[in-house]
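Residue numbering for the sequence shown is 8 to 122, as defined by my numbering.
These notes concern the structure reproduced below.
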Amino acid sequence: MGIKSSLKSCGMKYAVLFSIFGMTIIALGACKKTESVTCDGSTPTYTSFVKNIIDTKCVSCHSSYSSYSGLSGILGNGDFEKEVIINQSMPQNGSLSSDDLSKLKCWVDNGFPEN
Numbered sequence: 008m009g010i011k012s013s014l015k016s017c018g019m020k021y022a023v024l025f026s027i028f029g030m031t032i033i034a035l036g037a038c039k040k041t042e043s044v045t046c047d048g049s050t051p052t053y054t055s056f057v058k059n060i061i062d063t064k065c066v067s068c069h070s071s072y073s074s075y076s077g078l079s080g081i082l083g084n085g086d087f088e089k090e091v092i093i094n095q096s097m098p099q100n101g102s103l104s105s106d107d108l109s110k111l112k113c114w115v116d117n118g119f120p121e122n
């Protein structure tokens with residue numbers, strides 16, 4: 008009886024240690040980096056990088072996107088990233104250059120800063 012009890016105790020210790028290890032791995036995986044991504048040595052903003060691209064490529068069909076506040080709806084729900092960066096289905100009248108895509112991706116990765 009003593010050996011069975013000892014084995015159960017040992018098994019329980021391993022179960023607890025395994026659980027703690029697993030939770031630690033999950034917690035570390037959930038951590039996000041907070042440092043900003045840079046493009047060409049500077050942090051991208053709507054004013055410095057994006058406004059010119061949007062005005063040139065998007066505003067002719069999406070007039071509400073002529074201001075940062077006009078873009079806020081599609082930024083918050085993920086449509087901008089999905090349609091422009093991932094699917095590259097916008098703009099419909101031609102694709103963005105790889106440089107423009109890189110700038111927009113960098114802006115998205117930094118959380119769409121305005122200024």
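Quick reminder that beta carbons are idealized off the backbone N, C-alpha and C, glycines included.
Pick from the options that is closest to residue i, judged by C-alpha positions
{"i": "D116", "options": "I27, K20 and T50", "result": "T50"}
{"i": "K110", "options": "Q99, F56, T63 and K20", "result": "F56"}
{"i": "E121", "options": "Y53, M19, K20 and E90", "result": "Y53"}
{"i": "S104", "options": "G85, K64 and S76", "result": "K64"}
{"i": "S67", "options": "M19, I27 and G101", "result": "G101"}
{"i": "E88", "options": "G118, M19 and K20", "result": "G118"}
Three-state secondary structure assigned by DSSP to residue i
{"i": "S73", "result": "helix"}
{"i": "V57", "result": "helix"}
{"i": "M97", "result": "coil"}
{"i": "E90", "result": "helix"}
{"i": "G7", "result": "With the chain covering 8 to 122 only, the question about residue 7 has no answer from this structure."}
{"i": "I27", "result": "helix"}
{"i": "C113", "result": "helix"}
{"i": "G118", "result": "coil"}
{"i": "L108", "result": "helix"}
{"i": "L103", "result": "coil"}
Environment of residue i [buried if 16+ CB atoms lie within 10 Å]
{"i": "I60", "result": "buried"}
{"i": "K40", "result": "Low confidence applies to K40: its pLDDT is 46, below 50, so where it sits in the model is not reliable, and the reading given next is rough at best. Exposed is the call here."}
C-alpha distance - residue i paired with residue j, whole-angstrom precision
{"i": "S76", "j": "L82", "result": "10 Å"}
{"i": "P98", "j": "S79", "result": "18 Å"}
{"i": "N94", "j": "G85", "result": "12 Å"}
{"i": "Y72", "j": "D62", "result": "8 Å"}
{"i": "D107", "j": "S96", "result": "14 Å"}
Closer than 7 Å: residue i CB and nearest the ligand ATP heavy atom
{"i": "T63", "result": "Of the ligands one can find in the structure shown there are none, so the ligand ATP has no counterpart to examine."}
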